[in-house]
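Asks: The structure that follows is given in the form of structure tokens.
Protein chains: 2
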Amino acid sequence: MEVINGSDIAAEIRQQLKEENLREGISPLLAIIVVGDDKESLVYVGLKTSAVEATGGKNRLLQLDADIDREALLQKIENLNQDETVDGILLQLPLPQHLELYRDEFLKAIDPEKDVDGFNPENMGRLICGKPAFISCAALACMDIIRRAEFLASGKNAVLIGDSFDLIIPLAILLLKEGLKVTMIPEYEEEMSRGADILVVEKGLPQMVRGESLAEGSLVIDAGFHWHAGRSCGNVDKNSLVERELYLLPVPGGLGPVLIAKLMENLSIAARKNQLPRSQEGSIGKESL
Amino acid sequence: MEVINGSDIAAEIRQQLKEENLREGISPLLAIIVVGDDKESLVYVGLKTSAVEATGGKNRLLQLDADIDREALLQKIENLNQDETVDGILLQLPLPQHLELYRDEFLKAIDPEKDVDGFNPENMGRLICGKPAFISCAALACMDIIRRAEFLASGKNAVLIGDSFDLIIPLAILLLKEGLKVTMIPEYEEEMSRGADILVVEKGLPQMVRGESLAEGSLVIDAGFHWHAGRSCGNVDKNSLVERELYLLPVPGGLGPVLIAKLMENLSIAARKNQLPRSQEGSIGKESL
């Protein structure tokens, strides 16, 4: 088994972005909206704000009361859309129950050009038909790993376990467009994983996937996350893979850090689009004086 | 082999819509934009306008010069968006070459609530995340056939050959959400079709799929269209299926008519949303006088 180190890849991506941003004089500003004080959400937000700082950017954290109403939240989003200094907007999910009902409306309200999560339905749709401004970071992270491992080749057989809007469906579309054969399965089946060159497992029980049911030479991306026996783990039983000839992106230290690094890439793209034309306009303005 | 008669199913759907529209006092108005005079496009437009009339609706055909420019076409679409009497808007594809470049922009310009083709990226995206106002008719037609044939069951194995934005990708998402296992393959492979309970073949050579490579008891949907030896045919070699125990939606007389019937369903939904609130508002208005 060869373990792919997601933390190392994430550090490499962050370092490259930091240098690019510095070279081009860009300091991306990410606005993060957090509603309520769900502890898990705050942990994820902390990871994102640290990554923004590590790539030379700045954060604007909007921590809103859990009982904020629909209209007020929509107004907060609209204010950030209008604010030219904000490059990217991220609405931390999940929302409190009374707002979760309107989730699609909030995601749709985020300007597609600032939608660094790629969750605005217009960006999702342009993935099927056209070119999205931004693509979901979980799907981008898997694509990056697959490309680095040199598995992004026409004819390869990818099997994706799950049905999520942020990973499985966009990843399936991206892989199909690269000429791969793509199977999506809502629940894990041992039989289906045997023929996979690339296996992505987002749904399932802790450490459910065992080495015996994987193909020789395959790439396995563990996209699960569980607390089990006091430790974090994924859907793949690492120990059962040790003696097998295959590549594993494990949990922890796998998809999570790469996902946040891809968010930083999206943010840098947004900042480049948003800041460069302005500064160029500025210099044209000066010349014409 | 049991042949599924798409023309009969389409006639049944049309008849039902006609009765519903009559009962509810709705006469749907479809605006069709055709740019240029491509003969094949005009044939399809003719089929659509006839279907609108057969379901108690009316057509407004905008036949535009092939050399119309981008801004003028966008303005035509915007006029139809604003026109309250128009229930559905359809932009006949393909467009002339100088406009095809901006296709996504035109599709995005159509009000999602009038987008009866389901091609606006917002509707596409809400298919992944949320609820679309309208879904592509080709995908809806396949879902209807699969449901009628009683193959829409969790655990069934669907294999889709192709990568189109209007059929393969939306159909894959719809089937996954119903709990099926879904494989998308950009090009036909005999080996992959053998395990399919449901096989949809959109891409390939005329009459390429032969009975020997199909599973006993499977449902085969031919979504190809070719002119071959002076006759229309699909991707499936019908003759080679005759002795096999399976279901075939053939070409001709299969997906084509059902697709147009599903367009009429979308149009009736649009008309119901657009006309009923207006007439209800009207009656509330009268009472309050």
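In order, the protein sequence lines correspond to chains A and B.
Going by my numbering, the first residue of the first sequence is number -8, and it counts up by one from there.
Going by my numbering, the first residue of the second sequence is number -8, and it counts up by one from there.
Ideal placement from N, C-alpha and C gives every residue a C-beta, glycine not left out.
Note that the coordinates shown come from a computational prediction; the quantities given were computed from them, not determined experimentally.
Which runs of the alpha helix (DSSP H) at least 4 residues long sit entirely within the segment 114 to 200 of chain B? Give them in chain order.
Replies: Within the segment 114 to 200 of chain B, the complete alpha helix (DSSP H) runs of at least 4 residues are 128 to 139, 159 to 168, 181 to 184.
Asks: Under 8 Å, Cβ to Cβ, is there at least one residue of chain B near Arg117(A)?
Replies: yes
Asks: Candidates Cys224(A), Ala214(A), Ala130(A), Glu203(A): which alpha carbon is nearest Glu234(A)'s?
Replies: Glu203(A)
Asks: Answer with buried or exposed for Val34(B), where buried requires no fewer than 16 other C-beta atoms within 10 angstroms of its C-beta.
Replies: exposed
Asks: Would Leu92(A) be called buried (16 or more neighbouring beta carbons within 10 Å of its own) or exposed?
Replies: Counting Cβ neighbours within 10 Å, Leu92(A) comes out exposed, since fewer than 16 surround it.
Asks: Can you have a look at Arg117(B) and say buried or exposed, based on whether 16 or more other CB atoms are within 10 angstroms of its CB?
Replies: Buried is the call here.
Asks: Could you give the DSSP three-state label for Asp78(A): helix, strand or coil?
Replies: Under the three-state reduction of DSSP output, Asp78(A) falls in the coil class, being neither helix nor strand.
Asks: In or out: Asp60(B) buried (at least 16 other Cβ within 10 Å) or exposed?
Replies: Answer is exposed; the Cβ neighbour count stays below 16.
Asks: Could you tell me the boundaries of the beta strand (DSSP E) in which Ile212(A) lies?
Replies: 210 to 213
Asks: Name the chain A residues whose beta carbon is nearer than 7 Å to that of Ile160(B)?
Replies: Residues of chain A whose Cβ lies closer than 7 Å to the Cβ of Ile160(B) are, in chain order, Ile119, Ile164.
Asks: Buried or exposed, going by whether 16 or more other CB atoms sit within 10 Å of the CB of Gln83(A)?
Replies: Buried, since its Cβ has 16 or more Cβ neighbours within 10 Å.
Asks: Taking 8 Å as the cut-off, decide whether the C-beta atoms of Val242(B) and Ala187(B) are in contact.
Replies: no
Asks: Would the segment 257 to 264 of chain A count as touching the segment 224 to 240 of chain A if we require 3 or more Cβ pairs under 8 Å?
Replies: no
Asks: Kindly indicate which residue of Gln66(A), Glu104(A), Glu62(A), Leu52(A) has the alpha-carbon position closest to the one of Glu75(A).
Replies: Glu104(A)
Asks: Do Ala100(B) and Leu65(B) come within 8 Å of each other at the CB atom, strictly closer than that value?
Replies: yes
Asks: Report the residue from Gly47(B), Val173(B), Gly208(B), His219(B) whose alpha carbon sits nearest the alpha carbon of Ile152(B).
Replies: Val173(B)
Asks: Can you check which of these residues, Asp102(B), Lys147(B), Ala163(B), Val192(B), is closest to Leu131(B) by C-alpha distance?
Replies: Ala163(B)
Asks: Please decide whether Glu113(B) counts as near chain A, where near means a Cβ-Cβ distance under 8 Å.
Replies: yes
Asks: Would you mind stating whether Glu96(A) and Glu113(B) have Cβ atoms separated by less than 8 Å?
Replies: no
Asks: Under the rule that 16 or more other beta-carbon atoms within 10 Å means buried, what is Arg283(B), buried or exposed?
Replies: Residue 283(B) falls outside the range modelled here, since chain B spans only -8 to 280, and no answer is possible.
Asks: Residues of chain A with CB closer than 9 Å to the CB of Asp95(B), please, in chain order.
Replies: Arg117, Cys120, Gly121, Lys122
Asks: With a CB to CB cut of under 8 Å and the five nearest residues on each side skipped, what residues in its chain are close to Ile160(A)?
Replies: Asp154, Met175
Asks: In chain order, what residues of the same chain have a beta carbon less than 6 Å from the beta carbon of Pro123(B), not counting five sequence neighbours either side?
Replies: Excluding residues within five positions, the ones whose Cβ falls inside 6 Å are Asn114, Arg117.
Asks: Where does Pro248(A) land, buried or exposed, given buried means 16+ other C-beta within 10 angstroms?
Replies: buried
Asks: Kindly indicate which residue of Gly(-3)(A), Arg51(A), Gln73(A) has the alpha-carbon position closest to the one of Ser18(A).
Replies: When each option's Cα is compared against that of Ser18(A), the closest is Arg51(A).
Asks: Output the distance between the C-alpha atoms of Val192(B) and Val211(B), rounded to the nearest integer angstrom.
Replies: CA-to-CA, the gap between Val192(B) and Val211(B) works out to about 8 Å.
Asks: Please classify Leu21(B): is it buried, with 16 or more other beta-carbons within 10 angstroms of its beta-carbon, or exposed?
Replies: So Leu21(B) counts as buried.
Asks: For the segment 170 to 188 of chain B, enumerate the residues whose C-beta is nearer than 9 Å to any C-beta of chain A, in chain order.
Replies: Gly170, Leu171, Lys172, Val173, Thr174, Met175, Ile176, Pro177, Glu178, Glu180, Met183
Asks: At the level of alpha carbons, what is the spacing between Asp316(B) and Asp28(B)?
Replies: Residue coverage of chain B in this structure runs from -8 to 280, which leaves residue 316(B) outside it and unanswerable.
Asks: Since Leu90(B) meets chain A, which of its residues come closer than 9 Å, beta carbon to beta carbon?
Replies: Correct list: empty, because the minimum Cβ distance to chain A is about 15 Å.
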